[in-house]
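As structure tokens, the structure follows; a few thoughts come after it.
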Amino acid sequence: MTPRLFHACLPLSLLAAGCVVSLGGRDHVHHLTVDGVELTEKHLEHLNIAGWHAQGLSITCGMGDIRVEPTDGANRIEVVVHEFSEGDAWAVYEKGVLSSRSQSGKPSALGDVVVYTNDPLPRLALTTGMGDVTVLAIRVSGKVTVTSGMGDIEVHDLLEATELALETGMGDVDVLRAACTKLAAESGMGDVDVVGVRCKEANLEAGMGDVDVRSSGFGHLRARTGMGDVSLRESTWTSSDLDSGLGEIDVD
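First residue of the sequence shown: 73, per the working numbering; consecutive thereafter.
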């Protein structure tokens, strides 16, 4: 069989927006550069969210970690804003999208983001060019989309979402205790681990890494690796499509 290898790259949402993001600097001090403009300043902002928009929450950052977790308090967002000069930019949550704006018109960008939510989200879309993404035990009634160009993805205890679409170019994807209609978990270079998941259709794929499934149940299960092992333990499925380009398939 021919191994299938994936390429780590910036998410398509960044490329489609015409946004070129890089990390540069001198004297070992690194700054974010957006569209050729070096963003030498940054600050942390706190946003209180009275209620989530009907479109839910969408976050796109060039480089930074994103974390979403539950809270007993009010909905709020903590976000690092990269800017050209001190006080030039700010973060805003509008029509379901978290973004940054600047007074000068020069580029600005979101960095690390932590979201605390008490209310259910209609949908959730998280994208980072370089960074880890973690989603823990929140309520989402619609689709959850998580994309990282280079970083790990962890999704735990999502029991109400209709669909989970998780993809990283280079990093591991871990799904622990989830229930949905459709699950897609893919890594170009890294492992895909699925534990305690129930869904009608699952597509699990690793270009260079292992796919490990435990204590889960599916309607149709598609599990493939280009270079790595496929391991299925204590799990059930109605139909399956299993393939390991260079590796072993272990069903227990």
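We put the CB at the ideal spot given by N, CA and C, even for glycine.
Under 8 Å between C-beta atoms of residue i and residue j
i       : j       : result
Gln-127 : Pro-179 : no
Val-140 : Leu-170 : no
Val-266 : Ala-256 : no
Leu-129 : Gly-168 : yes
Val-283 : Val-302 : yes
Val-323 : Leu-293 : no
Ser-220 : Val-207 : no
Asn-190 : Asn-147 : yes
Gly-281 : Ser-259 : yes
Val-264 : Val-245 : yes
Ala-295 : Val-285 : yes
Cys-133 : Val-187 : no
Ser-172 : Phe-156 : no
Glu-235 : Lys-254 : yes
Gly-291 : Glu-273 : yes
Beta-bridge pairing of residue i - partner residues as DSSP gives them
i       : result
Thr-310 : Answer by DSSP bridge pairing: none, since Thr-310 is not bridged.
Asp-265 : Asp-246, Asp-284
Gly-291 : Its beta-bridge partners do not exist; DSSP assigns none.
Ala-237 : Thr-217, Ala-256
Secondary structure of residue i, DSSP reduced to three states
i       : result
Asp-242 : The sequence shown places Met at residue 242, rather than the Asp named in the question. In the structure shown, Met-242 sits in coil (DSSP, three-state: anything other than H, G, I, E or B).
Arg-98  : Per-residue confidence for Arg-98 stands at a pLDDT of 44, beneath the threshold of 50, marking its modelled position as unreliable; the derived number appears in the next sentence. Correct three-state label for Arg-98: strand.
Ala-251 : strand
Glu-232 : coil
Met-222 : coil
Ile-131 : strand
Asp-322 : strand
Arg-296 : strand
Ala-274 : strand
Asp-301 : coil
Ile-210 : coil
Thr-105 : strand
Asp-315 : strand
Gly-136 : coil
Gly-279 : strand
| Start-end ranges of the beta strand (DSSP E) lying completely within the region 138 to 200, minimum 3 residues | Counting whole runs of 3 or more residues, the region 138 to 200 contains the beta strand (DSSP E) stretches 138 to 142, 147 to 155, 161 to 166, 169 to 174, 181 to 189.
| query | Contact between the region 222 to 231 and the region 153 to 166: three or more CB pairs below 8 Å? | reply | In short, these stretches do not touch, since the Cβ pair count stays below three.
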